[in-house]
Amino acid sequence: MKQSFKSSRKQLLSFISALLLLTGISGCTLIPETDPERGATTVTQDPFGDSYTTVQYLDQGWDIADSLWFYTTTQGSNLMPYDFFMALEQQKKPELFRTDENMNSYRYLPQKATSSNPDALPVGWVKDSYRDKEYIGLTCAACHTGQINYNGVGIRIDGGPASADMDSIMKDITKAMHHTQRDKEKEDRFVKNVLALGNYKSEAEVLSDLEKYKQRLSSYITINRSVDEDGTNIPYGYARLDAFGRIYNRVLEHLVNDSVLKELLSDGGALGNTGMTEEELNKIMQNVDKIMTGDQRDHLVARLTKTLEWEQLGKLRQKLFNSPNAPVSYPFLWDIPQHDYVQWNGLASNAGLGPLGRNTGEVIGVFGTLDWKEEKGFSISTLIGGQAAGTKKISFDSSVNVHNLSRIESHLDKLQSPVWPEEILGEPDKERVFRGKLLFNQYCESCHARIDRTDPQRRIVANMSRVSDVGTDPVMAKNGREYQGYSGILRNQYVSVGIGDILLDQKAPVASLLTKATLNVVATPDPDKWFLRRWADWLVDIGTAFIRNKINPSLKHGNYDPDTTVDPFASLNAYKARSLNGIWATAPYLHNGSVPTLYDLLLPKKREGDPEDGEYRPDEFQVGSREFDPEKVGLKSEGYDGFTFDTRLKGNSNAGHEYSSGGTAQSDGNTLPKLNKEERLDLLEYLKTL
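Heads up: the sequence shown begins at 5 in my numbering, then just goes up one per residue.
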């Protein structure tokens, strides 16, 4: 029986490989999932001159199957129809957008074809199915799988921060779609190739969806312009994203109802005295339900775009949404299930349903389909979601795959931090390590506790420090605490926060709106499953979330401003310190990625009056290369034409956390002496061993 199964599986893989070759979808045979490189491949032309010929994995508690499962497990992300992504060409070239070289230029990790990834999509890009349609989407792995290169070896870091530039790739996909519509030859090729894949029946159907998804992505980009109060652009670059800002805006986009829009578009609203007449408003709002469907939203946006001037559209956007202008580094995922609080500002509690809510918000941010609608009746889902009993309820149907999110969170239980690979990067100096450990005890351990990375019972306590104490850039924390939005369809509902329940008024803190929305999505069974399976999976997911989760509700630890009835989100004006195991593999540093190496982090920021011949953190450096510097412990930050990180822009400050240079006081209020260069090197050498 075993031999027969293996033989059948081998024949099936051979058949799929041959089919892919015949259709031109893949230029290689399927790689078995026993490949030590776990499907990783190389590229010949790297934009920043990076070079690696082999990929090596470290012992992080995952085997080959674990990594490949994480890369390809869907979570409900629906960016665009799958066939569109397979056929879309680059803006100014006939080559496909999805080529390894092009995806690598945005720093997504290219992969060979495997049985779980037959189309050789990059790490974290995956086919998702929702309501009988197939989409290209992103998984957790797209933002939380890293790689560093040294001496021709690519060291793949599972759960590590990606170098990805999500902002640019979304803009360039949109440009490619625009250009496809404008170039007749390109459009003809696109339509022909999409139809050949068999999921569309006519050219008109293809072109209609091309316009729809181009418009959706264009709106997404317009809504999420990253600017400060003066209109100055705050580019993200590689290795960071204002994920929360974009998640907030996706939620606000789907909370907007007819009454909010009518108020903003009428005389004296967002447009000032040039507001619309009642007749114009009725024309704009025609065929729009209180809770808009996706198609209704598409038509509304199209009518607004044709009716309003560019300046008026800008005013409306500013009223409805918040600028996601505080990009941060992608957090690393090892020990995440063992944390009490997660996110850079400690927003999310890991107790109870917290992990499911956190991950649901992430899927909403990466294009989960939200089919929210108003219905009659009451159910256990509305009870859990905290909706008041009445004749109508909001059904929070969505593509979010809560079942898989539960499995992914469980999968992360086994993930461990990477250990410095001496055979590749060299052995740390033992004498310096010994001296550095003593310095770590004195300068670092009060916030960054040591843990046993392999202990299944380990717990990670987030040590919160108020922004004014740690001195790092305040914008991310400020936005999380202060951003407001229209509650729309959630108005007059209650949401529980740390100090009690908040009644959602016309405008409410976006943090509370996100909490309410994600809770209701989690509480709603998957609409894409047949009835019994839908409720069975839902009951298992909810039950497992509580039974498996060993984290209980607890107070935050550290020095921070507590939440009060006057300021219910005061505690978000703080940043989290966590254990530093594996920190060597997570450059750039600080929450906003403003310091390229650990050596630079141990230096002070240069200020007016400081001597010119001193050593300071760089005000500008290059980002994009994956080439590793084992001396300074970070990524190559000069000598190539990458993205220029300018620490003088709002949200990009590299100040603060200057404990080792005598510029920041410890949590007990005492400021320790400035380390000299030899002491910094000692401490750096010890950090390699964590």
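Virtual Cβ for every residue (Gly too), placed ideally from N, Cα, C.
| Query | Result |
| --- | --- |
| Could you please give the first and the last residue of the uninterrupted alpha helix (DSSP H) stretch that includes lysine 218? | 207 to 227 |
| Closest to valine 332 by C-alpha separation, out of Thr309, Pro478, Ala306, Gly361, would be which residue? | Pro478 |
| Just to confirm, is the Cβ distance from tryptophan 66 to lysine 418 under 9 Å? | yes |
| The beta strand (DSSP E) spanning tryptophan 424 covers which residue range? | Note, tryptophan 424: premise wrong, no beta strand (DSSP E); not H, not E. |
| Alpha carbon to alpha carbon, what distance is there between glutamate 99 and glycine 202? | 21 Å |
| Considering only residues of the same chain and omitting the five flanking positions on each side of leucine 26, which have a CB-CB separation below 7 Å? | Any reading at leucine 26 must be qualified, since the residue scores a pLDDT of 36, below 50, and its modelled position is unreliable; the value itself is stated next. Excluding sequence neighbours, leucine 26 sits near nothing in its chain. |
| Under 8 Å Cβ to Cβ from isoleucine 428, same chain only, skipping five residues before and after it: list those, please. | Gln60, Tyr154, Asn155, Val157, Ile159 |
| Tell me, please, whether the CB atom of proline 460 is closer than 9 Å to any CB atom in chain C? | No chain C appears in the structure shown, which is made up of a single protein chain. |
| Indicate the three-state DSSP secondary structure (helix, strand or coil) for tyrosine 611 in the structure shown. | Looking at the sequence provided, one finds arginine at residue 611 rather than tyrosine. The answer is coil: DSSP assigns arginine 611 none of H, G, I, E or B. |
| Given a threshold of 16 other Cβ atoms within 10 Å of its Cβ, counted over all protein chains shown, does arginine 537 qualify as buried or as exposed? | exposed |
| Examine the Cβ distances between the segment 233 to 246 and the segment 338 to 348 and report whether three or more of them are shorter than 8 Å. | no |
| Quick one: using the 10 Å Cβ neighbour count with 16 as the cut-off for buried, is proline 335 buried or exposed? | buried |
| For lysine 520, which residues in the same chain have their Cβ closer than 6 Å to its Cβ, ignoring the five residues on either side in sequence? | Leu494, Val499 |
| Could you check how far apart the C-beta atoms of isoleucine 140 and leucine 83 are, in whole angstroms? I think they sit under 8 Å. | 5 Å |
| So, helix, strand or coil for glycine 638, using DSSP? | strand |
| Taking glycine 562 as the reference, which of Arg470, Ala44, Thr458, Gln488 has the closest Cα? | Arg470 |
| By DSSP, does glutamate 378 sit in helix, in strand, or in coil? | strand |
| In chain order, which beta strand (DSSP E) runs of at least 3 residues are fully inside the segment 48 to 73? | 56 to 61 |
| Going by DSSP, which residues form a beta bridge with glycine 202? | Answer is none; glycine 202 lacks a bridge partner. |
| Should the segment 607 to 623 be regarded as contacting the segment 656 to 664, the criterion being three or more beta carbon pairs within less than 8 Å? | yes |
| State the start and end residues of the unbroken alpha helix (DSSP H) segment that holds serine 410. | 406 to 415 |
| Quick one: Cα of arginine 254 to Cα of threonine 118, how far? | 33 Å |
| Express the C-alpha separation of glutamate 689 and tryptophan 376 in angstroms, rounding to a whole number. | 53 Å |
| Taking Cβ to Cβ, would you say leucine 576 is nearer than 9 Å to aspartate 232? | no |
| Helix, strand or coil: which one does DSSP assign to threonine 178? | helix |
| Rounded to whole angstroms, what's the CA-CA distance from alanine 729 to alanine 453? Just pull it up for me. | The chain is shown only over 5 to 694; residue 729 falls outside these bounds and no answer can be derived. |
| Output needed for aspartate 541: all residues of its chain with C-beta closer than 7 Å, excluding positions within five of it in sequence on either side, in chain order. | His407, Asp530, Lys533 |
| Thinking just about the alpha-carbon of each residue, which of Pro557, Leu507, Gly638 is nearest to the one in proline 572? | Leu507 |
| Hey, out of Arg135, Pro122, Leu256, whose CA is closest to glutamine 510's CA? | Leu256 |
| Roughly how many whole angstroms lie between the Cα atoms of asparagine 349 and arginine 186? | 44 Å |
| Pull up the distance between the alpha-carbon of glycine 748 and that of aspartate 302, whole angstroms please. | The structure shown does not extend to residue 748, since the chain is modelled only from 5 through 694, so no value can be given for it. |
| Please name the residue, chosen from Tyr252, Leu285, Gly666, Arg250, that lies closest to valine 264 on a Cα-to-Cα basis. | Leu285 |
| Give the DSSP bridge partners of glycine 504, in chain order. | Val501 |
| Would you kindly work out how many angstroms separate the C-alpha atoms of serine 385 and proline 425, rounded to a whole number? | 48 Å |
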